[in-house]
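Going by numbering that gives the first Met the number 0, the sequence shown opens with residue 0, and the numbers climb by one from there.
For every residue, glycine included, the Cβ atom is placed at its ideal position computed from N, Cα and C.
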Amino acid sequence: MSIHSKSLVKHYGLTSPQLLILQELSHTKQISIGEIARRISLSQATVTDILDRLEIKGLIMRNRSDADRRQVLIRITPKAKEIMDKNPSLLQEEFLAEFNKLQKWEQHLILSSVERIASMMKTKKYLKIK
Numbered sequence: 000m001s002i003h004s005k006s007l008v009k010h011y012g013l014t015s016p017q018l019l020i021l022q023e024l025s026h027t028k029q030i031s032i033g034e035i036a037r038r039i040s041l042s043q044a045t046v047t048d049i050l051d052r053l054e055i056k057g058l059i060m061r062n063r064s065d066a067d068r069r070q071v072l073i074r075i076t077p078k079a080k081e082i083m084d085k086n087p088s089l090l091q092e093e094f095l096a097e098f099n100k101l102q103k104w105e106q107h108l109i110l111s112s113v114e115r116i117a118s119m120m121k122t123k124k125y126l127k128i129k
């Protein structure tokens with residue numbers, strides 16, 4: 000995954016969390032920080048830090064809500080839209096696209112193997128292999 004993250008930074012100047020937020024913003028006209036945090040399952044503080052960096056890069060704009068001046072709404076800039084139109088993808092999306100191309104039996108084999116590994120990690124946490 001770190002190779003994919005490095006590739007995102009190299010080609011687009013974006014980290015995976017920044018890209019995740021930009022993808023979320025590209026699906027809506029404007030949205031609150033709290034709603035972004037809820038949708039991507041990060042804390043508001045973390046999202047705010049990421050938004051600060053995106054704002055410095057000129058990729059998002061903050062505006063006060065007309066309905067509630069306490070609320071700050073975030074929207075994507077044309078510069079960010081241009082980047083998103085180039086379609087940088089998250090590793091998970093690439094994996095799912097390739098996974099869905101597999102035969103059903105191959106998908107089941109992979110899933111059962113991953114479930115088995117996860118089970119072993121939970122129950123055999125302190126197992127010493129000799």
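As assigned by DSSP and simplified to three states, the class of residue i
{"i": "S42", "result": "coil"}
{"i": "S15", "result": "helix"}
{"i": "S25", "result": "coil"}
{"i": "K56", "result": "coil"}
{"i": "K121", "result": "helix"}
{"i": "K78", "result": "helix"}
{"i": "L101", "result": "coil"}
Same chain, Cβ closer than 6 Å to residue i, five either side skipped, listed in chain order
{"i": "N62", "result": "L72"}
{"i": "Q106", "result": "none"}
According to DSSP, residues forming a beta bridge with residue i
{"i": "V71", "result": "R63"}
{"i": "I109", "result": "Per DSSP, none; premise fails for I109."}
{"i": "S31", "result": "L72"}
Sequence-distant residues of its chain with Cβ nearer than 7 Å to residue i (five each side left out)
{"i": "I49", "result": "P16, Q17, I20"}
{"i": "K78", "result": "G57, L58"}
Inter-residue CB distance, residue i and residue j (contact presumed, cutoff 8 Å)
{"i": "K85", "j": "S25", "result": "At roughly 12 Å, the Cβ-Cβ gap does not stay under 8 Å, so K85 and S25 are not in contact."}
{"i": "M137", "j": "R74", "result": "Past the boundaries of the shown model lies residue 137; the chain is included only from 0 to 129, so the question cannot be answered."}
Spatial neighbours of residue i in its chain, beta-carbon cut-off 8 Å, leaving aside the 5 residues before and after
{"i": "A36", "result": "S42, Q43, T45, V46"}
{"i": "E23", "result": "I30, I35, R38, I39"}
{"i": "T76", "result": "G57, L58, I59, M60"}
Neighbour-count burial assignment, residue i, 16 or more Cβ in a 10 Å radius
{"i": "L53", "result": "buried"}
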